[in-house]
Every structure is written in structure tokens, then in C-alpha cells.
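Colleague: Residue numbers (this note's numbering), protein chains in the order written: chain E, -1 to 252; chain L, 22 to 60.
The beta carbon of each residue, even a glycine, is placed where N, CA and C say it ideally should be.
What you are looking at is a predicted structure, and each value in this text was computed from that prediction instead of being measured.
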Amino acid sequence: MTLLNPRISRVLGVAALLSLIALAVFGLFVAPPDAVQSDAQRLMYLHVPSAWIAYLAFGVTALSSALYLWRRTRSPVWDRLAGASAELGVLFTAMTLIMGSLWGRPVWGVWWAWDARLVTTAVLFFLYVGYLALRRVPAPLETRAKRCAIAALVAFVDVPIVHFSVDWWQTLHQQATVFTPTLDAHIHGVMALTLWLGVLAFTLLYVYLLDKRYRLEALEEDLEAKELAKAIEERVQGAGITAPPEHVEVGVGQ
Amino acid sequence: MKFAQYVIGGYSLAAAVFLLYWLRLGARIRRAERLDRET
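See the structure below:
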């Protein structure tokens, strides 16, 4: 009921922890302060990888949902994977919003601005919170999986809107630094290294947590099925007990 | 460090959020495993 071999999962967990520690050391002490933003820019090593991993998580949810909806590949595995990845996407989107807000206060002078990038990201967060709520609505497994898969694909429409919002509208949020049309990022060597270290650390953390969250999803599904079977069995047995009272008394006496 | 309260606050908050999520996930898995065995 897991995605990965337990040993691989353990190794992945240790690798994620070590890379997160390395990210903290590089982000706080090794990378130089920015010429304009000074040390506040250090928050970018958390904000940018969080946003990219949130895109990845929602991408996995959308792809898994599409594979569930397609009859040829339909399997409960895709539904579980979609649910597990969506929760992690919400976690990383929340992290993106919090780190962005902490960076915005010293650099922009405000915690929040009604800016296209910020608003579309907040919408993305609430869309997937809604998706997670939809997964909690009681229904037969297949019905729930189908409607959640459709909801996930609809919600994913916001991901490219978030990404291109800085090009489509005039925003306070800066335009893309790395994923430019020409892909020629002008970032100081150690700063770029720290940014990619952040991406690596968050990717490892995402895969590690995805494996754990998938296991929980499978266990909860299994438990739900067992509880349903038990309830049906009790109901059937209960129906059998409705015999005349004297019958029961004789039975008890014996 | 300039803006230290934001930077250190941000890194600490991120560490706390991920740690809490990981601990809660572990607790949820253990609870589900226990219920699964009992059912």
C-alpha cells in the first residue's frame, strides 16, 4: 500500500532532511545579500521552490485525475495519488503565500497587495482546499473519485493563470527570473546554487511526504471498506435476532 | 543581518510547519494502522 520500498523511503527522508539543513545554511549564511533587497531576499530560497513544488504537486494531481477518468487506465491508485498530491500542493501553496508575505513587508512595505499573482495564487489555494473538502463528502468510492477527478482538472486551469499572470497583467510582483522565454537567468552563482538546492530539497521532501500521504489514503480507504462490511454484517445479524421473545429466553436459559 | 526578524522568522516558520505536518502525518498513519488491525 505504499508507492516506494520502505528502505528507499527512509533514504529519501534522510536525503530530504540533509538537503533542507544545507538549504538553511546556504540560504542564511553562504549566499550573499541582494544589492537592492538586502537580506530579505533570502526568503526567496523558500518562496520560489515552494511555488514550483506546488505547481508540480497540482500537476501530479491533474495527471492522476486524467488517468483515473480515462477508462483504459482507471485504477484506485490514481485517485489516491491525486488526493495525496493535492494535500501537499495546498501545503506548499500555503508556504508560498506565507513566505511571499514575509518578504513583501520589508521590500514592498505591505504584507499583502491585491496583485494578480497574489490573488490568483490565493484562488489556487482555496480551489484545492475545496477539492480536499470534496474528497471528504461521503459517497461510494468510485463516485467520489470521479467527481474529485473532474474538480481537480477544473482547478488545474488556475495553475497556468498563476504562472503567466505576471506577463498578462501589470503586477507589483516581479516577472519570471528563471523561466523566461529565453531561459537566460541573471543570478549570482551562489544565489543560483542556493535556489536549485531549495528546489532539490523541496522535491525530495515532496516525494517523501507523497509516499507517506499515499499510504494514509490507502489505509483510510481500506478501513472505510472494512467498517462498511462490518456495519452490513451487524445489520444482517441484527435482522436475524428479531425472533419472538420466548425464543430468545429459551436460548438464554440454555 | 538586515530584516533578521523576517528572515529568521520565515525559516523558523517553514521548519515548524513541515515538522508539524510530518509529525501529524505519522500520527494519522499509526492511528489508521491501529484501527485497521482492530477492525
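In this structure, how does DSSP classify D77 (chain E) when only helix, strand and coil are distinguished?
Modeller: Helix at D77 (chain E).
Colleague: Would you please verify whether the beta carbon of M93 (chain E) is less than 8 Å from any beta carbon of chain L?
Modeller: yes
Colleague: At the level of alpha carbons, what is the spacing between L95 (chain E) and V75 (chain E)?
Modeller: Spanning the two alpha carbons is a distance of roughly 30 Å.
Colleague: Give me, in chain order, the residues of the same chain whose beta-carbon lies closer than 7 Å to that of L151 (chain E); leave out the 5 immediate sequence neighbours on both sides.
Modeller: A60, S63, A64
Colleague: What does D32 (chain E) pair with, by DSSP beta-bridge criteria?
Modeller: DSSP, once it has assigned bridges, lists E:S36 as partnering D32 (chain E).
Colleague: Among the candidates E:M189, E:L203, E:L2, whose CA atom is the shortest distance from the CA of G25 (chain E)?
Modeller: E:M189
Colleague: Could you please tell me which residues of the stretch 22 to 37 of chain E, in chain order, have their CB closer than 8 Å to any CB of chain L?
Modeller: A22, G25, L26, P31, S36, D37
Colleague: My output table needs one value for W50 (chain E): the three-state DSSP class, helix, strand or coil.
Modeller: helix
Colleague: Please check if any C-beta of chain E sits within less than 8 Å of the C-beta of L56 (chain L).
Modeller: yes
Colleague: With a threshold of 8 Å between beta carbons, is R103 (chain E) in contact with chain L?
Modeller: yes
Colleague: Give me the chain L residues within the contact set of D220 (chain E), using Cβ-Cβ distance strictly less than 7 Å, ordered along the chain.
Modeller: D57
Colleague: For R213 (chain E), which residues in chain L fall below 8 Å Cβ to Cβ?
Modeller: Chain L residues near R213 (chain E): I50.
Colleague: Leaving out the 5 sequence neighbours to the left and right, which residues in its chain are closer than 6 Å to D77 (chain E) when beta-carbon positions are compared?
Modeller: Y66, A143
Colleague: From this set, E:L226, E:F154, E:L203, which residue's C-alpha is nearest L86 (chain E)'s C-alpha?
Modeller: Minimum Cα distance to L86 (chain E) is reached at E:L203.
Colleague: Which same chain residues end up closer than 7 Å to V250 (chain E) when comparing Cβ atoms and leaving out the 5 residues on each side of it in sequence?
Modeller: With a pLDDT of 43 at V250 (chain E), under the threshold of 50, the modelled position of this residue cannot be trusted, and the question is left open.
Colleague: My output table needs one value for I19 (chain E): the three-state DSSP class, helix, strand or coil.
Modeller: helix
Colleague: Since G102 (chain E) contacts W112 (chain E) with CB under 8 Å, what's their CB separation in whole angstroms?
Modeller: Wrong, their Cβ atoms sit about 12 Å apart, outside the cutoff.
Colleague: Quick one: grab the DSSP three-state call for A35 (chain L).
Modeller: helix
Colleague: Please list the terminal residues of the continuous alpha helix (DSSP H) segment that includes K144 (chain E).
Modeller: 139 to 154
Colleague: Taking the alpha-carbon positions, what's the L1 (chain E) to E218 (chain E) distance?
Modeller: 15 Å
Colleague: Determine the closest residue to G47 (chain L) out of E:D220, E:Y206, E:Q35, E:E231, with distance taken between C-alpha atoms.
Modeller: E:Y206
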